[in-house]
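Numbering (UniProt numbering), first residue to last: 1 to 274. A virtual CB, placed ideally from N, CA and C, is assigned to each residue, including glycine. Fair warning: this is a prediction, and the values are worked out from it, not measured in the lab. Notes follow the structure.
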Amino acid sequence: MHTQKRYIRIFGCSVLMLLGICMVTPLKTFAVEQRFGLSDEAYTMAKGSWEFDSSLQLEHDAENDGYAFSHDLFYGVSENVELQITLSRWSIVSGGEETADGAGTETAGGEGDGEGQTSWDSAGVGVGYTLFNPQKEKFGMALFANMQIGDKLFALNGTAALQKNFSNITVLYNGVIETEWTGDQLSNLNNDAEEITQSLGGSIALGKGFHLGIETLYEVSMINWSNSEAAFFAGPNLNFQNGKFFITVAPLLQVTNNSEYEDLQLGLRAGILF
């Protein structure tokens, strides 16, 4: 079995198993709310609680497919502060091209076998702070900061999240700025790339744990804060929650015509609270 297919099947089976547990577990009050596939909601973990998330982001264009995986732990330090630990981020790129973050790739199954290339990208830490909790106040606002370190990259990321809940409808905005340095090794990072992302979405509760909505994404990429490229994406999101479990999928299509960007971004997130 090809390494690429094996990794994807393992991830897919894990998500399906998690979804199956959700389906057979009696419906409970939601302890987890992650209704968006590519955006972060504007609140942090409750004090003393843990959450484990696994996510897959697929980027597809006419030439190749890129799969970015992330496995993260979240811990509520206080009512307003959470700690994020990124256990691992890794990726698979078909066609043997360089990954989107500039990290080098390592052939998964040898040369000339038609497989994609697999690379470990990074691990990291982050912190989140809730200024206004949308579950308790008229609107929500939270700030998140994240640092990632790999053998060939160093990245910093900052997010501002704004959220408004209207009964069974949630409206969410994210503003994200990320800068990344890459090179042939960690001690020789010389490629400076930046990305500014804005997302806007909405989600409505359908009942029985299901939520349906829409997400839009506007990305601007730069090299050394110049030579910018931009693209706009839009698509639906579907979320299922049951007590301590959730799973969310959001396929977004590029509605602009920029060949420098992928045609499709698909975000898949699954998690459990414990």
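### Task
With DSSP collapsed to three states, give me the class of F233.
strand
### Task
Kindly list the residues whose CB is nearer than 6 Å to the CB of residue 293, restricted to its own chain and excluding five residues on each side of it in sequence; keep chain order.
Absent from the model: residue 293. The displayed extent of the chain is 1 to 274, so no value can be given.
### Query
Quick one: is G150 buried, meaning 16 or more other Cβ sit within 10 Å of its Cβ, or exposed?
Burial call: buried.
### Task
Say whether the segment 143 to 163 touches the segment 121 to 132, bearing in mind that this needs 3 or more beta-carbon pairs closer than 8 Å, one atom from each stretch.
yes
### Task
Assign G48 to buried or exposed, taking buried as 16 or more other Cβ atoms, counted over all protein chains shown, within 10 Å of its Cβ.
exposed
### Task
Would you mind listing the beta strand (DSSP E) stretches within the segment 135 to 171 that are 3+ residues and don't spill past its ends, in chain order?
140 to 149 and 153 to 166
### Task
For L253, write down the residues that DSSP places opposite it in a beta bridge.
A234 and L264
#### Entry: Among L266, E137 and Q185, nearest to L162 - alpha-carbon criterion
E137
### Task
State the Cα-Cα distance for the pair F69 and S55, rounded to the nearest angstrom.
Approximately 6 Å, taken between the alpha carbons.
### Contact set for G209: own chain, Cβ-Cβ below 7 Å, skip 5 residues either direction
Once the five neighbours on either side are set aside, the close Cβ partners of G209 are L27, F240, Q241 and N242.
### Task
Please say whether A46 and G76 have beta carbons closer to each other than 8 Å?
Taking 8 Å as the cut-off, the beta carbon of G76 is found closer than this to the beta carbon of A46.
### Query
According to DSSP, which residues form a beta bridge with Y173?
L162 and L200
#### Entry: 8 Å contact criterion, which L153 and S203 should meet: CB distance rounded
Actually they do not touch by this definition, with Cβ atoms about 33 Å apart.
### Task
Give every residue of the same chain whose Cβ lies closer than 7 Å to the Cβ of N191, excluding the five residues on either side of it in the sequence, and list them in chain order.
G102, W181, T182 and G183
### Query
In terms of alpha-carbon separation, which member of N168, A160 and N258 lies closest to Q135?
N168
#### Entry: Cβ pair G235, E262 closer than 8 Å
It is not a contact, given that the beta carbons lie outside the stated cut-off.
### Which residues DSSP lists as bridging Y218, in chain order
Q198 and F232, per the DSSP bridge assignment.
### Query
What did DSSP end up calling S55 once you bin it into helix, strand or coil?
Note: S55 maps to strand in three-state DSSP.
### Terminal residues of the beta strand (DSSP E) in which A123 lies
Q117 to F132
### Query
Helix, strand or coil for T70 per DSSP?
Before going further, note that residue 70 is Ser rather than Thr in the sequence given. Three-state result, S70: strand.
### Close-in-space but distant-in-sequence residues of the same chain around S50 (CB under 6 Å, 5 per side omitted)
In the sequence as presented, Ser is not what sits at residue 50; that position holds Trp. Y75 and F274.
### Proximity of S199 and S39 at Cβ, strictly below 8 Å
yes
#### Entry: Identity of the residue in E79, G124 and H60 nearest residue 284 by Cα
Summary: the structure shown does not reach residue 284, with the chain confined to residues 1 through 274, and so no result is reported for it.
### Query
If you run the structure through DSSP and keep just helix, strand and coil, what is S39?
coil
### Query
At which residues does the beta strand (DSSP E) containing W86 begin and terminate?
Rather than Trp, the amino acid found at residue 86 in this sequence is Thr. In the DSSP assignment, T86 falls within the unbroken beta strand (DSSP E) covering V81 to V93.
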